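Add 134 to a position in the sequence shown, counting from 1, and you land on the number used in our numbering.
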Amino acid sequence: MTDAKLIDGKAAADALRGRIAADVAALKQSHGVTPGLAVVLVGEDPASLIYVRSKSKQMTSCGMASFEHRRPESISQADLLTLIDDLNRDDAIHGILVQLPLPAHIDEHFVLNAVAPEKDVDGFHVLNAGRLAAGIGAMAPCTPLGCMALLEEELGDLSGLDAVVVGRSNIVGKPMATLLLHANCTVTIAHSRTRDLRAVCRRADILVAAAGKPELIRGDWIKSGATVIDVGIHRIATESGKSRLVGDVAFAESRAVAGAITPVPGGVGPMTIAMLLGNTLTAARRIAGLLSDT
Ligand code: NDP
């Protein structure tokens, strides 16, 4: 058996950004609207800083406006809510992203639900989660949207396929399962209490790994020819004392069995940011009254 095809998330994200940039230019010309994203970063977490910089660079390279709001770790919840309220009212801002994690003294759910649902480009507001579940014009979370785009590009129509999602977080697992269901897959959601995870995974035509556990999914858990989307990303130490990035899927042994598989890095990660740009463009169009809500 030959190795699985690599699903190139970087190339897909580049192509998507090209389409978004063209749409942004058209929106500016036709309606004088420049989509704007505000990123709120609390504290000095180095990984968060890198993500925020990368998002900001990609926004501006697509012709959108990016506004960074950095606040100290010690900010009170009330002050953070005041900032979000200001951004909700700001007409130049179409998307608001609160970089996670937030410090322990701040109630994450409360803050995320203070973002105006129409500017909730992360899709974390409870109203958007409900709209997604009901299948009505939601702003869906970026990582599952990116996974869906890769799957549809790879497989076309997903109707009738058996999909297994490993992980049930509000950010990845649940919305991923919902999107697969809307695409007419037969969906199983697995989690830490699932019995015989290997047997469950082996049923999958589409396997989405979002457990946050390095190399949890082994090659012999994968059905021959399955399409494998690896959401996990972990930096692990190697024997030589260096480090390397791995996903939730043991890559080499899985590639020998799967039909197509995303690498880590270069798979889902780049698509997540591209989808954030896409959601910001969608928000700007909706706010300008150019898209209906459903
Ligand atoms: P969470 O920790 O919030 O959720 C993990 C889920 O996996 C939980 O539902 C948990 O089950 C389940 N799980 C944990 N261990 C096992 C196990 N041994 N067997 C089966 N299920 C298990 O993580 P996230 O959803 O936020 O993220 C998942 C991964 O995706 C992480 O590695 C994260 O870094 C990565 N990620 C990558 C992104 C990207 O752009 N590439 C974006 C977002 C996340 P239970 O509910 O029972 O505890």
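Cβ atoms here follow ideal geometry from the backbone N, Cα and C, with glycine treated the same way.
Note that this is a predicted model, so its numbers are computed, not measured.
Check: Compare the C-alpha of residue 306 against each of 193, 406, 239, 391 and name the closest.; Outcome: 406
Check: Please state if the CB of residue 342 and the CB of residue 324 are separated by a distance shorter than 7 Å.; Outcome: no
Check: Please state whether DSSP places residue 217 in a helix, a strand or coil.; Outcome: helix
Check: Put residue 201 into one of helix, strand or coil per three-state DSSP.; Outcome: strand
Check: Taking the beta carbon of residue 184 as the centre, do at least 16 other beta carbons fall within 10 Å, making it buried, or is it exposed?; Outcome: exposed
Check: Expressed to the nearest angstrom, what Euclidean distance is found between the alpha-carbon atoms of residue 232 and residue 172?; Outcome: 8 Å
Check: Comparing the CB of residue 412 with every heavy atom of the ligand NDP, is any distance shorter than 6 Å?; Outcome: no
Check: Do residue 209 and residue 186 have their C-beta atoms closer together than 7 Å?; Outcome: no
Check: Could you tell me the distance, in whole angstroms, from the CA atom of residue 248 to the CA atom of residue 219?; Outcome: 8 Å
Check: Under DSSP, the alpha helix (DSSP H) around residue 157 begins and ends at which residues?; Outcome: 143–165
Check: Let me confirm a value: residue 373 is counted as buried when at least 16 other C-beta atoms fall within 10 Å, else exposed. Which label applies?; Outcome: exposed
Check: Could you check if residue 375 is buried or exposed, using at least 16 other CB atoms within 10 Å of its CB as the buried criterion?; Outcome: exposed
Check: Considering Cα atoms alone, identify which of 144, 140, 136, 139 is closest to residue 404.; Outcome: 144
Check: Check whether the Cβ atoms of residue 394 and residue 138 sit closer than 7 Å, and answer yes or no.; Outcome: yes
Check: Could you give the uninterrupted runs of the beta strand (DSSP E) lying entirely in the segment 231–318, keeping only those of 3 residues or more?; Outcome: 296–300
Check: Comparing alpha-carbon positions, which option in 165, 363, 276, 267 lies nearest residue 401?; Outcome: 363
Check: Under the rule that 16 or more other beta-carbon atoms within 10 Å means buried, what is residue 256, buried or exposed?; Outcome: buried
Check: So, is residue 356 buried or exposed, given that buried needs 16 or more other C-beta atoms within 10 angstroms?; Outcome: buried
Check: Note down the Cα distance separating residue 254 from residue 282, rounded to an integer number of angstroms.; Outcome: 19 Å
Check: Once DSSP output is grouped into helix, strand and coil, what is the label at residue 191?; Outcome: helix
Check: Is the closest heavy atom of the ligand NDP to the C-beta of residue 177 under 6 Å?; Outcome: no
Check: Cα separation between residue 390 and residue 396?; Outcome: 13 Å
Check: Quick one: is residue 385 buried, meaning 16 or more other Cβ sit within 10 Å of its Cβ, or exposed?; Outcome: buried
Check: Tell me whether residue 398 is buried or exposed, calling it buried when 16 or more other Cβ atoms sit within 10 Å of its Cβ.; Outcome: buried
Check: Let me make sure I understand the geometry here. Which of 380, 166, 196 has the alpha-carbon closest to that of residue 149?; Outcome: 196
Check: Since residue 320 is in the beta strand (DSSP E), which residue starts that stretch and which ends it?; Outcome: 320–324
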